[in-house]
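Numbering (my numbering), first residue to last: -4 to 626.
If you want it as structure tokens, here you go:
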């Protein structure tokens, strides 16, 4: 199907979904499907839940945010469970402004954008269908037509509570055009759209001296006063402010705390009573979620002003910190690069991860109680196994600082430096060293980073470099060792056989000679020395390995060389140590012989075919690892 056919298909689908009828017809729809009469808060909650929810380890993961928000699962869970869910149940939380508070580029705006785009799409579904009084500039809920004295009867009959009063314009239309007969008032299905200003609004403060309150609440159309005779005639009023147009959906209040006070006071009655004042009319009802976002500095300034206490009491503040997981930070960079014009540039494996290591380290806080360094803390947060620490320790570490993740380097800065590295290098491939170099140059030029932070961040660049050095060496090691996993498994099985015989004071069977021999102490020590196990500590380490194997066996799990972090490290280092001379000679020789050249080409081919490098980045990796080994 070509693009024009798709356009026609969408028009046909749009036409099919359109609905018009009288209020009487609408009541029949409501009786068949009461969900169409739900509030804006309830609709947003149902939209999020309908995308799927997964429960794991006592936490809920909302798939509505998948692929767009990374590493903020706990913040999202709190947002949904502490705001959207109770608001959907008409609890008092519904009468609060949602304020997302966090550092720049932390995901606040992305969350709001996802909610807005999600609402637009959801209004096209049967579950998210919305109906309004036809011709109403505020897309008013048709149930507002029901007189106040009959609403309790309506609730008893349908279980639906009607909140809000009929707007001045529709009250006049009801009397003048339909003789007070609400059953004849026309109703239509509407589809939310920010571009068309239907159910989704955005307000951004500008110069207080020039910005008019009409931007929020609408204004008088002076050209019609002569026709209608009075400024208090609702037909002479333009209901085109953001609060009017966002009715039935969501209004984003950008940089709310920078706004002039006169704009904020309108939100007091809107949040608490569900209405606001406009023109020379009675209070106008509005059913909408107001979501704002700000950074921590502005928020602290706002709450320190006693004049803001009334508004502050009507806010639910949701912290949105930076992501603290390296793997998720890497996904953020991948997403931002894929959306840019440099998506075709080859980024070598581990380059983005190295940048992510640096970013996460700047956001973490040194533990005062657990005696754990930042690198281990970073690995724990990323789900890695760190010897001596367990799941309970992670929870304790997270609870130690309530504001961890509210500072540090933001993703935009790193992406800017990656972009700079791409442009500066001028070739279709960049690696981890290019990115780290660019980040360091950026720190030196960054005017808002203090000298203390610059020195601290420079130290984290060095740490990220060391982490990359180990990754680079392991990568080359795996490429040089044909079937690395098999080699590691063979070495580990041999080691474990000897450890078991040693701990049980048994002999070991030699498959070559058929003799029973003593455990190979030389082999065991050659592996254990890779991770600094002393002669005095070897017995305890070997017994620990056997205990771990037994624990795995009891749980029905298979123990392999990756089941014990220190053993895995020892096996990898031993394999690499055995190959080190071969790698050094092969990668550092200026005039490699035929055998060396063949081996280099085999390794490059494997790096390209199996590990995601291109020929340029593979050659750069080999040269770099060769230089590391020759130091």
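Glycine included, every Cβ here is placed at the ideal spot set by N, Cα and C.
Straight-line Cα distance separating residue j from residue i
i	j	result
residue 500	residue 382	27 Å
residue 484	residue 620	24 Å
residue 106	residue 526	45 Å
residue 468	residue 616	9 Å
residue 75	residue 293	24 Å
residue 289	residue 445	22 Å
residue 190	residue 197	10 Å
residue 61	residue 46	10 Å
residue 593	residue 599	10 Å
residue 378	residue 116	34 Å
residue 59	residue 441	36 Å
residue 506	residue 488	14 Å
residue 38	residue 345	42 Å
residue 414	residue 100	17 Å
residue 229	residue 274	9 Å
residue 194	residue 71	23 Å
residue 544	residue 554	6 Å
residue 426	residue 475	20 Å
residue -2	residue 10	19 Å
residue 630	residue 245	For the chain, the structure presents residues -4 to 626; residue 630 sits outside this window and is missing.
residue 254	residue 462	45 Å
residue 175	residue 169	5 Å
residue 504	residue 601	37 Å
residue 161	residue 131	11 Å
residue 34	residue 90	12 Å
residue 470	residue 8	52 Å
residue 121	residue 16	17 Å
residue 222	residue 212	22 Å
Coil, strand or helix - residue i by DSSP
i	result
residue 461	helix
residue 644	Past the edges of the chain, shown from -4 to 626, lies residue 644, and the structure says nothing about it.
residue 454	helix
residue 72	helix
residue 51	strand
residue 198	strand
residue 554	coil
residue 603	helix
residue 443	coil
residue 278	coil
residue 161	coil
residue 485	helix
residue 391	helix
residue 359	coil
residue 16	strand
Buried/exposed call for residue i, threshold 16 Cβ in 10 Å
i	result
residue 631	One cannot answer for residue 631 here, as it falls past the ends of the chain, which runs -4 to 626.
residue 416	buried
residue 404	buried
residue 29	exposed
residue 113	buried
residue 163	buried
residue 640	The structure shown does not extend to residue 640, since the chain is modelled only from -4 through 626, so no value can be given for it.
residue 548	exposed
residue 144	exposed
residue 49	exposed
residue 520	exposed
residue 217	exposed
residue 418	exposed
residue 296	exposed
residue 625	exposed
N- and C-terminal bounds of the alpha helix (DSSP H) containing residue i
i	result
residue 241	Segment: none, residue 241 is in no alpha helix (DSSP H) and carries neither H nor E.
residue 676	With the chain covering only -4 through 626, there is no way to say anything about residue 676.
residue 58	No alpha helix (DSSP H) holds residue 58; DSSP gives it neither H nor E.
residue 288	That residue, residue 288, is in no alpha helix (DSSP H); its beta strand (DSSP E) goes 284 to 289.
Any C-beta of chain D under 9 Å from that of residue i
i	result
residue 355	Looking at the structure shown, chain D is missing, and only one protein chain is on hand.
Run of the beta strand (DSSP E) containing residue i, from where it starts to where it stops
i	result
residue 183	181 to 185
residue 314	310 to 314
residue 248	245 to 248
residue 125	125 to 128
Within 8 Å, do at least three Cβ pairs link the stretch 175 to 186 to the stretch 291 to 310? no
Tell me, please, whether the stretch 230 to 247 touches the stretch 265 to 281 by the rule of three or more beta-carbon pairs shorter than 8 Å. yes
I'd like to know if the stretch 64 to 72 and the stretch 318 to 328 are in contact, where contact means that at least 3 CB-CB pairs between them fall below 8 Å. yes
Counting Cβ pairs closer than 8 Å, one from the stretch 143 to 158 and one from the stretch 112 to 129, do we hit at least three? no
Given 8 Å, three or more beta-carbon pairs between the stretch 3 to 22 and the stretch 129 to 146: yes
If we count Cβ pairs, one from each stretch, closer than 8 Å, do we get three or more for the stretch 451 to 469 versus the stretch 340 to 353? yes
Counting beta carbon pairs with one atom in the stretch 388 to 408 and one in the stretch 364 to 377, are three or more of them shorter than 8 Å? yes
Check whether the stretch 331 to 350 touches the stretch 307 to 319, taking contact to mean three or more Cβ pairs, one atom from each stretch, closer than 8 Å. no
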